[in-house]
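full-length UniProt numbering puts the first residue of the sequence shown at 1, with every later residue one more than the last. Right, one structure below, let's go through it.
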Amino acid sequence: MTTNRSSFSTKAPRQLFTVKQFAERYPAWSEQALRWLIFNAKDRMLAKEMQRGNGLECAILRQGRKVLIDEDLFLQWLENSNQASVQ
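Right, dumping it as structure tokens:
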């Protein structure tokens, strides 16, 4: 069986880290702080009203119980949320 290599993406692979690995790589973010951000990433119902998430869901990948953080998307989210708070 041959594989059509042109169908594969040629861009660089995503840098994915577990919460623990990400906290070790970026000591400014503790595991607890990252887990809090992940918990609050999505919009959700809270006491019969919708509570808006923080928008981080775009940088979170879930596979079963495994939670991974996309480094580039997290840093982009951080930059965007910082710019929004400055305006």
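Beta carbons are placed, not taken as given, at the ideal position from N, Cα and C, and that holds for glycine.
Kindly indicate which three-state DSSP category Gln51 falls into: helix, strand or coil? Numbered from its first residue, the sequence shown carries residue 51 at position 51. Gln51: strand per DSSP, three-state reduction.
Nearest candidate by alpha-carbon position, reference Gln63, set Gln83, Phe17, Trp36: For the purposes of this step, residue 63 is taken as the residue at position 63 of the sequence shown. For Gln63, the nearest C-alpha among the options comes from Phe17.
Own chain partners of Leu73 with C-beta closer than 6 Å, once the 5 adjacent residues on each side are dropped: Here residue 73 refers to the residue found at position 73 of the sequence shown. Excluding positions up to five away in sequence, the list reads Cys58, Ala59.
For Arg25 versus Glu79, is the C-beta spacing smaller than 9 Å? Residue numbering aside, residue 25 sits at position 25 when the sequence shown is read from its first letter. Residue numbering aside, residue 79 sits at position 79 when the sequence shown is read from its first letter. No. Outside cutoff.
Report buried or exposed for Trp77, applying the criterion of at least 16 other Cβ atoms within 10 angstroms of its Cβ. For the purposes of this step, residue 77 is identified with residue 77 of the sequence shown, where counting begins at 1. Buried is the call here.
Distance between Lys11 and Ala47 (C-alpha atoms, nearest Å): Position 47 of the sequence shown holds residue 47. Position 11 of the sequence shown holds residue 11. So the two alpha carbons sit approximately 44 Å from each other.
Separation of Lys42 from Leu56, as counted between CA atoms: Translated into positions along the sequence shown, residue 56 becomes position 56. Translated into positions along the sequence shown, residue 42 becomes position 42. The straight-line gap from Cα to Cα measures roughly 8 Å.
Can you check which of these residues, Ser30, Pro27, Leu75, Asn54, is closest to residue 102 by C-alpha distance? Given a span of 1 to 87 for the chain in the structure shown, any question on residue 102 remains unanswerable.
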